[in-house]
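Top line first, the protein sequences correspond to chains H and L.
For the first sequence, counting from 1, position 133 maps to 133 in our numbering; every step adds exactly one.
In short: position in the second sequence from 1, add 1000, done, that's our numbering.
Even for Gly, the Cβ is constructed at its ideal location relative to N, Cα and C.
A short worksheet on the structure shown next.
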Amino acid sequence: LRVAGLAIAVVLAASAISDGEVRRIRLCADPSNPPFSARSETEPGFEVEVARAIAQTLGAELGVHWFPATREMMALRQLYEERCDVFMGLPLIPSFRDDKPRLLFSAPYYVMRQVIVSPTVGGVHSLDELRGKLVGVQAMTLGDRLVFERGENRKVYRNAEELLTALVGAEVDAVVIESPFGGRFATKNPGFRVVEIIDPARDLPIGAAVRRTDPALKDQIDQAIGQLKSKTLPDIFARYGIGSAPALAAAEPLSAELRNARTTYLTQCSQCHGIDAKGTAAAANLLAFKGSEDDFLRIVRNGRLGTAMTPWKGIIPDDDIRAMARYLKQLSTGAVGQ
Amino acid sequence: MVTVSRLCLIALAILSFTLTALPARAADVTDDRLLNADRDPANWLMYNRTYSGWRYSPLDQITPANITKLVPKWIFSGGALGEQQMTPVVNDGVMFTTSTALAYNRVHAINARTGELLWKHERKMPEDVGALVRVIPHNRGVALHNDNVIFGTLDAYLVALEAKTGKPVWETKIADHTEGYFVSQAPMVVKGKVIVGIAGPGEMGPRGFVEAFDAKTGKSQWRWYSIPAAGEPGSETWVADTWKIGGGAVWHSGTYDPATNLLYFGTGNPAPWIADMRRGDNLYTMSAVALDLDTGKLKWHHQYLANDAWDYDTVAEHHVVDVVRNGQTHQAVVQANKLGYVYTLDRVTGKFLSAAPFVKSITWGKPDPVTGKGVENPGMRPKMGGPPVEVCPSLLGGTGWQPKVYSPKSGYLFIPSNEFCMRYAYVSDLTYKKGQLFTGVTAEHFSTMEQAGVLRAFDVSQNKVVWEWTNRTPLISHTLATAGNLVFQGTAEGKVVAVDAASGQELWSFNLGSPQSGGIISFAVDGKQYIAVVAGGTLRSQVWFGKEPKWAHATKVNWSDIVVVFGLSD
Chain H
1 LRVAGLAIAV
11 VLAASAISDG
21 EVRRIRLCAD
31 PSNPPFSARS
41 ETEPGFEVEV
51 ARAIAQTLGA
61 ELGVHWFPAT
71 REMMALRQLY
81 EERCDVFMGL
91 PLIPSFRDDK
101 PRLLFSAPYY
111 VMRQVIVSPT
121 VGGVHSLDEL
131 RGKLVGVQAM
141 TLGDRLVFER
151 GENRKVYRNA
161 EELLTALVGA
171 EVDAVVIESP
181 FGGRFATKNP
191 GFRVVEIIDP
201 ARDLPIGAAV
211 RRTDPALKDQ
221 IDQAIGQLKS
231 KTLPDIFARY
241 GIGSAPALAA
251 AEPLSAELRN
261 ARTTYLTQCS
271 QCHGIDAKGT
281 AAAANLLAFK
291 GSEDDFLRIV
301 RNGRLGTAMT
311 PWKGIIPDDD
321 IRAMARYLKQ
331 LSTGAVGQ
Chain L
1001 MVTVSRLCLI
1011 ALAILSFTLT
1021 ALPARAADVT
1031 DDRLLNADRD
1041 PANWLMYNRT
1051 YSGWRYSPLD
1061 QITPANITKL
1071 VPKWIFSGGA
1081 LGEQQMTPVV
1091 NDGVMFTTST
1101 ALAYNRVHAI
1111 NARTGELLWK
1121 HERKMPEDVG
1131 ALVRVIPHNR
1141 GVALHNDNVI
1151 FGTLDAYLVA
1161 LEAKTGKPVW
1171 ETKIADHTEG
1181 YFVSQAPMVV
1191 KGKVIVGIAG
1201 PGEMGPRGFV
1211 EAFDAKTGKS
1221 QWRWYSIPAA
1231 GEPGSETWVA
1241 DTWKIGGGAV
1251 WHSGTYDPAT
1261 NLLYFGTGNP
1271 APWIADMRRG
1281 DNLYTMSAVA
1291 LDLDTGKLKW
1301 HHQYLANDAW
1311 DYDTVAEHHV
1321 VDVVRNGQTH
1331 QAVVQANKLG
1341 YVYTLDRVTG
1351 KFLSAAPFVK
1361 SITWGKPDPV
1371 TGKGVENPGM
1381 RPKMGGPPVE
1391 VCPSLLGGTG
1401 WQPKVYSPKS
1411 GYLFIPSNEF
1421 CMRYAYVSDL
1431 TYKKGQLFTG
1441 VTAEHFSTME
1451 QAGVLRAFDV
1461 SQNKVVWEWT
1471 NRTPLISHTL
1481 ATAGNLVFQG
1491 TAEGKVVAVD
1501 AASGQELWSF
1511 NLGSPQSGGI
1521 ISFAVDGKQY
1531 IAVVAGGTLR
1541 SQVWFGKEPK
1551 WAHATKVNWS
1561 DIVVVFGLSD
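Right under this line is the structure:
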């Protein structure tokens, strides 16, 4: 299938050239809606970058028709009236799709999630740790609803900008916000941690739309998304701090010793203790370990009798176990990413 | 108590004692009895009951009409804190079970009428076994041959005991346990040969193999490697020296067809799990293989998935079934595996006949309808050090190691299946270190469905699912079909249920108090039918469920290594 996909792309590129002119795909985008789109050379927004990558894969050039998206109907009319060919950033959920009979929707190219943003020091690592904290949210968003449903102390703001300003000013302990806002904020503000809330029920798959009369373009976009999924798209989203690769890890790289310790931890231990080292029902939360490095070494070497914790002596050298203790210490203080 | 000093020389202690005499003299388990096990309804003489791998009991006293009278008759405690994945075997009123922990392999002989312990053999394990054994010490049961009980160990020995007394007869070192080799499967004895596939390689590195031993002496007769050495046919599917640490465990019991004289095995995933580190198709991992019983020579192979990226072992048993399609009968083997499809292959030639999905949660790709080779969806392979990829099924598989069950009465394959996915990533760097896990991944399992565990009845001739029974957690538990029109199914919550074999309607359930994780079998003593259910838990259900909130209730269930035997109330 992968080979077939490439072949299709090659054919498209060839046909574009044989026509004697480069094909042009026009995107409708808001000129001032970062991090989604912006009329800027340096930071055009990830929706524009994704659209450009798709166009490139199809052997086409991307043109942009700038139009404010604040009023949905006006914005979509640009597409209906053929001032552009594609609209990015639309939620692929029935309540949105069902009353847009004039549109065809693509496959999703990313999943928008809710994230918790909090200070690195003393901040929040998980949804459960919001308990007892003051949590900022934007009114009438999925994050607002989530925090309300869990019965946390919640403070409501009118928009994302006000909300994040409140976080910087320590008006709230943490905020729950959409991943594009939270990710962008964290890439620009060192000292804050982003934790994705993994909850399939609250995931928002995001895709593009074209006119219903343009099914060929929809198919081509789907093909392109399929091809870009493994590398190009994750790279774009990583630059905007969206997705699972935390921007903080890059900001404070580990020493070679701790990098090795992380590999050992992830390959030998994470299946039970979790990638985040916070444990599972049958394995301890290692971030809460209170003992010394010697204690850690002794337990890992000998195991814990009567539990699933098995002895590792003779398999993981003592020096590596000690390095792992130091890696977990750093992980627990939030000084490094997972 | 008898201490065998000979074994102390290799730092192993053996404890063996006889408590009472056998209730009645059990007949020897001859080659003929094993070949005709299907015509021996009272007994369950081998892991899958018959060479065909069906796990179907011809006993029919217990039926939908009287199932409400099914009550526990006795409970046996194995006393081990570890994985309990064993399927008991029964010969003339004597049941043989195993219990396993990191410190030992145990074998028990039990009076199948009363649950009374007849003898116990305990073999102490050395401390330098590999990481996989340390994390999931487990054993799936014994083989019977003549007057011996034969089992494999966590330190990669094959051991024969006297069935009447538990006294050691012979033992053979199969491979070096410090490299991570061990035996988890119940051996299968065919025509005087003990057939064993090795566990460990898929997660630990060294090459997998199947080996045959003389059942009388334990001497090796042939060994077939699942990965060809440099220069051998198929070695071109491995880059440089990657074949030396390429995995390909054969950790699940095989099946056998007397008519073709072929053994059918499924092979496991290549190592490490990071596909980029071993480019090429990686033959004969992820394959069905047919081996000549007499010579161990490869007769044919069919690779389900080349260069596996997700730990989707295709080790599940290949049921020997004659499949009728469009009025034509095919001598076939049928395998439902982790990839989420039921594959039908010609068992004489290995030719691919069909593949049909039995789970809905499949995103990795699909088999090519003509060749049967896996065709991947783009973007499903993680990149080293990159973000996790969400891919379905999870590495525990659309169906995992828990055996599938075939009923010749209905032509249904009963599949304990799973609707779940994983967030799956490759670490940024990985080096082979002897004894350590050589996987290189992180994985978290989740399900978008409320009911992740689905017992499915799959009509192998029509190639489609005919009914479903669902459970909240995945079914990392066993299944049994009986001629009494019943299907029994265990759950990680610790239940065993009986459903109507024709409709899937739940008729009966019993709370075992411990995750159902070992075999479910049926046998008869003195003309009365019994159902034996093994419980005790697996790391898979207890720890790997950890990140999915929907399954939290099951992770709270305690582990206890027990066999519960049910019969109709008098």
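Beta-carbon proximity list for residue i, same chain, < 7 Å, skipping 5 on both sides
i, result
"Asp1147 (chain L)", "Asp1028, Glu1162, Ala1163, Lys1164"
"Gly207 (chain H)", "Leu90, Leu92, Phe105, Ser106, Ala107, Pro108, Tyr109"
"Tyr327 (chain H)", "Leu258, Ala261, Arg262, Tyr265"
Assigned exposure category for residue i - 16 Cβ within 10 Å defines buried
i, result
"Thr333 (chain H)", "exposed"
"Gly1093 (chain L)", "buried"
"Pro317 (chain H)", "exposed"
"Ala1259 (chain L)", "exposed"
"Ala1021 (chain L)", "A caution first: Ala1021 (chain L) carries a pLDDT of 41, below 50, which makes its placement in the model too unreliable to give a value."
"Ala1501 (chain L)", "buried"
"Gln114 (chain H)", "buried"
"Lys1495 (chain L)", "buried"
"Gln1505 (chain L)", "exposed"
"Glu344 (chain H)", "Nothing can be reported for residue 344 (chain H), as the shown portion of chain H is limited to 1 through 338."
Short CB-CB distance (under 8 Å) between residue i and chain L
i, result
"Gly45 (chain H)", "no"
"Ser230 (chain H)", "yes"
"Pro311 (chain H)", "yes"
"Ala323 (chain H)", "no"
"Gln227 (chain H)", "yes"
"Thr213 (chain H)", "no"
"Ser255 (chain H)", "no"
"Gly243 (chain H)", "yes"
"Glu93 (chain H)", "This sequence places Ile at residue 93 (chain H); Glu is not what is there. Cβ-Cβ to chain L under 8 Å: no for Ile93 (chain H)."
Cutoff 8 Å; reference residue i; Cβ partners in own chain excluding five residues on either side
i, result
"Asn1463 (chain L)", "Arg1325, Val1342, Thr1344, Ser1354, Ala1356"
"His1177 (chain L)", "Pro1126, Asp1128, Val1129, Gly1130, Val1133, Leu1154, Asp1155, Ala1156"
"Glu1236 (chain L)", "Gly1280"
"Thr1329 (chain L)", "Asp1322, Val1323"
"Ala75 (chain H)", "Cys28, Asp30, Phe67, Pro68, Ala69, Phe87"
"Lys155 (chain H)", "Leu134, Val135, Gly136, Val137, Ala166, Glu171, Val172"
"Thr1470 (chain L)", "Gln1451, Gly1453, Val1454, Leu1455"
Pick from the options that is closest to residue i, judged by C-alpha positions
i, options, result
"Pro1389 (chain L)", "L:Glu1236, L:Val1427, L:Arg1123, L:Asp1060", "Here the sequence assigns Val to residue 1389 (chain L), which means Pro is not the residue at that position. When only C-alpha atoms are compared, the closest one is L:Val1427."
"Gly1205 (chain L)", "L:Met1046, L:Trp1243, L:Ala1112, L:Ser1361", "L:Trp1243"
"Ser1184 (chain L)", "L:Lys1193, L:Gly1197, L:Pro1515, L:Ile1274", "L:Gly1197"
"Ile1075 (chain L)", "L:Pro1058, L:Thr1097, L:Lys1219, L:Lys1351", "L:Thr1097"
"Ala325 (chain H)", "H:Asp295, H:Met309, H:Lys313", "H:Asp295"
"Ile1415 (chain L)", "L:His1478, L:Gly1078, L:Leu1070", "L:His1478"
"Asn1139 (chain L)", "L:Glu1116, L:Val1107, L:Thr1114", "L:Val1107"
"Thr1114 (chain L)", "L:Asp1570, L:Val1565, L:Tyr1256", "L:Val1565"
"Asn1261 (chain L)", "L:Lys1191, L:Thr1063, L:Asn1043", "L:Lys1191"
"Ala1572 (chain L)", "L:Phe1352, L:Ile1150, L:Leu1430, L:Gly1519", "Residue 1572 (chain L) is absent from the model: chain L starts at 1001 and stops at 1570."
"Thr141 (chain H)", "H:Arg24, H:Arg52, H:Gly243, H:Phe181", "H:Phe181"
"Met1086 (chain L)", "L:Trp1224, L:Asp1031, L:Pro1403", "L:Pro1403"
Contacting residues, own chain, Cβ-Cβ under 6 Å from residue i (five flanking each side not counted)
i, result
"Val1466 (chain L)", "Ala1457, Asp1459"
"Val10 (chain H)", "With a pLDDT of 35 at Val10 (chain H), under the threshold of 50, the modelled position of this residue cannot be trusted; read the value that follows with caution. So the list is empty, once near-sequence residues are dropped."
"Ala209 (chain H)", "Phe87, Leu90, Leu103, Phe105"
"Val1497 (chain L)", "Gln1489, Glu1506, Ser1509"
"Pro1530 (chain L)", "It should be pointed out that residue 1530 (chain L) corresponds to Tyr in this sequence rather than to Pro. Only Phe1523, Val1565, Gly1567 meet the Cβ criterion."
"Pro205 (chain H)", "Leu92, Pro108, Val111"
Short CB-CB distance (under 8 Å) between residue i and chain H
i, result
"Glu1179 (chain L)", "no"
"Ala1131 (chain L)", "yes"
"Lys1556 (chain L)", "yes"
"Asp1308 (chain L)", "no"
(message) I'd like the ranges of any beta strand (DSSP E) spanning at least 3 consecutive residues and lying wholly in the stretch 109-188 of chain H.
(response) 110-112, 114-119, 134-138, 153-157, 174-178
(message) Give the list of continuous alpha helix (DSSP H) stretches no shorter than 4 residues that lie fully inside the stretch 1105-1188 of chain L.
(response) 1131-1135
(message) For a minimum of 4 consecutive residues, which ranges assigned as the alpha helix (DSSP H) are wholly contained in the stretch 45-120 of chain H?
(response) 46-57, 72-80, 94-97
(request) Could you name each continuous beta strand (DSSP E) segment of 3 residues or more that falls completely within the stretch 1225-1293 of chain L, going from the start of the chain to the end? (result) 1255-1257, 1262-1266, 1287-1292
(request) Could you tell me which uninterrupted beta strand (DSSP E) segments, each at least 3 residues in length, are contained entirely in the stretch 1462-1527 of chain L, listed from first to last along the chain? (result) 1464-1471, 1479-1482, 1486-1490, 1495-1500, 1506-1511, 1516-1525
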